[in-house]
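Below is one structure, written out as structure tokens; comments come after it.
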Amino acid sequence: MSRFLSIAPIADIGSDISCFSEARFMKVDKGLLGGSTNLMLLSLLSESDKYGYEIIRELERRSDRTFQLQEGTLYPVLHKLENNGYVKSYVGIGDNGRKRKYYRITNCGVQQLAKEKKRWKVFSVSVNKVLGSEVQIFG
Amino acid sequence: MDKKESFLAEVLCCVRFPFDREKIRMELENHIEDRAGDYEGKGSDREAAVNLAVRDMGNAREIGQALNRQHNPVLGWIWLVTDVLAVLMAACLIVSLVLPSLSSLLSFNRLDPIPASDIVFRAEVDKKVKLDDMVIHISDVIYDTNGDLSMDYEYFDTRLWGAGWTFSNIGEISDNLGNHYSEGRFEESGGFVSRCRQIVSDFSAEADTLKIDYNSYNRKYRLEISLRAGDKK
Numbered sequence: 001m002s003r004f005l006s007i008a009p010i011a012d013i014g015s016d017i018s019c020f021s022e023a024r025f026m027k028v029d030k031g032l033l034g035g036s037t038n039l040m041l042l043s044l045l046s047e048s049d050k051y052g053y054e055i056i057r058e059l060e061r062r063s064d065r066t067f068q069l070q071e072g073t074l075y076p077v078l079h080k081l082e083n084n085g086y087v088k089s090y091v092g093i094g095d096n097g098r099k100r101k102y103y104r105i106t107n108c109g110v111q112q113l114a115k116e117k118k119r120w121k122v123f124s125v126s127v128n129k130v131l132g133s134e135v136q137i138f139g
Numbered sequence: 140m141d142k143k144e145s146f147l148a149e150v151l152c153c154v155r156f157p158f159d160r161e162k163i164r165m166e167l168e169n170h171i172e173d174r175a176g177d178y179e180g181k182g183s184d185r186e187a188a189v190n191l192a193v194r195d196m197g198n199a200r201e202i203g204q205a206l207n208r209q210h211n212p213v214l215g216w217i218w219l220v221t222d223v224l225a226v227l228m229a230a231c232l233i234v235s236l237v238l239p240s241l242s243s244l245l246s247f248n249r250l251d252p253i254p255a256s257d258i259v260f261r262a263e264v265d266k267k268v269k270l271d272d273m274v275i276h277i278s279d280v281i282y283d284t285n286g287d288l289s290m291d292y293e294y295f296d297t298r299l300w301g302a303g304w305t306f307s308n309i310g311e312i313s314d315n316l317g318n319h320y321s322e323g324r325f326e327e328s329g330g331f332v333s334r335c336r337q338i339v340s341d342f343s344a345e346a347d348t349l350k351i352d353y354n355s356y357n358r359k360y361r362l363e364i365s366l367r368a369g370d371k372k
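First to last, the sequence lines map onto chains F and U.
Sequential numbering of the first sequence, starting at 1, is according to our numbering.
Sequential numbering of the second sequence, starting at 140, is according to our numbering.
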């Protein structure tokens, strides 16, 4: 738990995400996104094997383009997940006949996903509690 | 060089482990092509679509440096060397253990047959003795025109990883006339099942029984083989 709250393990590159709001881009703080990058990627991969561009498109679609990753930064994050044993890659042939590097979540990754979800729940509840008290103070 | 190529080159020049560069290149190039395809679908021309796709990728140097951290050259080389060593060791194991065992099991290590024209008679014997974990099977006794008597036998250890010692002395050779034979020679074709030929010189043509007495290391056996029952040639 302390690791999550203190800093994100893959924040250095995986957090370069812009937040699109009211037709303006706003940089989101690294620390906020670092921990959730693992969570989001593992969660997407737990549904089905995907290649990098599929992941990007799915992230965009589900977040209504809130999360717009600098797309190349996805790959060091995926490779780190693979080095940690959370995902495994393999080369398959995509719809257009082009070679694709797919990522599949491992058993270890599934366990990690469960941990990350739990951490995220505790984190978001805690943040909301703090915001709630701020609202009372400053509202 | 177009923008895509210069982007890929800049990323890959940061990755110090050369054997991973091609896979990284394939992955990033596919991504750019997919994104460019989407832009083309929305009406951009090819060049503009590729340029936009490259822009969306982000900073090539930062991506390359981050990838380099995940493709550590030291670990990469250790992995590569151990991988190659593992393959070599497996190959050595196959060459030194599996192939000889297979060849002996599949009877590729047969001894040179004695030419039929040299055989006076052949006795097909099927005698088995067991010494500890070693099984010795005497299969043929052949008397040839030179007066040599050849005893073909095979032996193997019943344990998978046996002691591996050579069984080159099947015992003292004598006949029913009281002659003892110590002169001769020995041939062996090794393997999981070793095939051997013990040959004694000047065996008596009058003898009709071959006697083999083994008495070594407190182990004994005695075999009597009728030679007159053999197939006369």
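Here a beta-carbon is modelled for each residue, glycine too, at the ideal position from N, C-alpha and C.
This one's a predicted model, so the numbers in the text were calculated from it and none came from an experiment.
Determine, using beta carbons only, whether F:Tyr90 and U:Glu166 come nearer to each other than 9 Å.
Result no, Cβ atoms of F:Tyr90 and U:Glu166 do not sit closer than 9 Å.
Please report whether the beta-carbon of F:Ser43 lies at a distance below 9 Å from any beta-carbon of chain U.
No, F:Ser43 lies away from the interface with chain U (no Cβ there is under 9 Å from its Cβ).
Excluding the five sequence neighbours on either side, which residues of its own chain have a C-beta within less than 6 Å of the C-beta of U:Tyr360, listed in chain order?
For U:Tyr360, where only same-chain residues beyond five positions count, the Cβ hits under 6 Å are Val268 and Tyr353.
How would you list, in chain order, the residues of chain U whose beta-carbon sits under 9 Å from the beta-carbon of F:Lys115?
The premise fails here: F:Lys115 is roughly 21 Å from chain U at the closest Cβ pair, so nothing lies under 9 Å.
Cα separation between U:Leu224 and U:Leu238?
Those two C-alpha atoms are separated by around 20 Å.
At which residues does the alpha helix (DSSP H) containing U:Glu166 begin and terminate?
First-last of the alpha helix (DSSP H) with U:Glu166: Arg160 to Gly180.
Skipping 5 residues on each side, what residues in its chain have a beta carbon closer than 8 Å to that of U:Ala346?
Contacts found: Asp314, Asn315, Leu316, Asn318 and Leu366.
Thinking C-alpha only, which one of F:Val77, F:Lys88, F:Tyr103 and F:Glu82 is nearest F:Glu54?
Minimum Cα distance to F:Glu54 is reached at F:Tyr103.
Output the distance between the C-alpha atoms of U:Asp222 and U:Ile202, rounded to the nearest integer angstrom.
When rounded, the distance between both Cα atoms is 28 Å.
Can you find a CB in chain U that lies within less than 9 Å of the CB of F:Lys129?
Not an interface residue.
Taking the Cβ atom as the reference point for each residue, do U:Ser340 and U:Gly323 lie within a distance shorter than 9 Å?
Cβ atoms of U:Ser340 and U:Gly323: closer than 9 Å.
Count the other CB atoms, across all protein chains shown, that sit within 10 Å of the CB of U:Asp265; report buried if there are 16 or more and exposed otherwise.
U:Asp265 comes out exposed.
Is it buried or exposed for F:Thr37, if we count other Cβ within 10 angstroms and need 16 for buried?
Buried.
Would you please verify whether the beta carbon of F:Gly52 is less than 9 Å from any beta carbon of chain U?
Yes, its Cβ sits closer than 9 Å to a Cβ of chain U.
Determine the direct distance from the alpha carbon of U:Ala199 to that of U:Ala192, and round the result to whole angstroms.
Each residue's Cα considered, the two are about 13 Å apart.
What residue range does the alpha helix (DSSP H) around U:Ala262 cover?
It is not in any alpha helix (DSSP H) - U:Ala262 instead sits in the beta strand (DSSP E) that spans Ile258 to Leu270.
Classify U:Ser289: buried if its beta carbon has 16 or more other beta carbons within 10 angstroms, exposed otherwise.
By the 10 Å Cβ count, U:Ser289 comes out buried.
Does U:Glu263 get closer than 9 Å to chain F when you measure Cβ to Cβ?
With 9 Å as the cut-off, U:Glu263 does not count as an interface residue toward chain F.
Got a sec: is the Cβ-Cβ distance from F:Ile56 to anything in chain U below 9 Å?
At least one chain U Cβ lies under 9 Å of F:Ile56.
Am I right that U:Phe342 and U:Asp287 are in contact with their C-beta atoms under 8 Å? What's the rounded C-beta distance?
At roughly 7 Å, the Cβ-Cβ gap stays under 8 Å, so U:Phe342 and U:Asp287 are in contact.
Check the C-beta distance from U:Arg334 over to U:Arg249 and give it rounded, since I have them as a contact under 8 Å.
The pair is a contact, with the Cβ atoms about 6 Å apart (cut-off 8 Å).
With 9 Å as the threshold, decide whether the Cβ of F:Asn83 is near any Cβ in chain U.
Yes, F:Asn83 lies at the interface with chain U (some Cβ there is under 9 Å from its Cβ).
How about F:Arg98 and U:Asn207: are their beta carbons less than 9 Å apart?
No, they are not a contact pair.
With DSSP run on the structure shown, which of helix, strand or coil describes F:Ala23?
Below a pLDDT of 50, predicted positions are generally treated as unreliable, and F:Ala23, at 34, falls in that range; the measurement from the model is reported next regardless. Coil at F:Ala23, not helix or strand.
Going by the beta-carbon positions, is the gap between F:Gly109 and F:Gly85 smaller than 9 Å?
It is a contact, given that the beta carbons lie within the stated cut-off.
Put U:Gly286 into one of helix, strand or coil per three-state DSSP.
U:Gly286: coil per DSSP, three-state reduction.
Quick check on this structure: which residue in U:Lys162, U:Leu232 and U:Lys143 has the alpha carbon closest to the alpha carbon of U:Asp173?
If we check each option's Cα against that of U:Asp173, U:Lys143 comes out closest.
Would you verify that the beta carbon of U:Glu172 is, or is not, closer than 9 Å to some beta carbon of chain F?
By this cut-off, U:Glu172 is an interface position.
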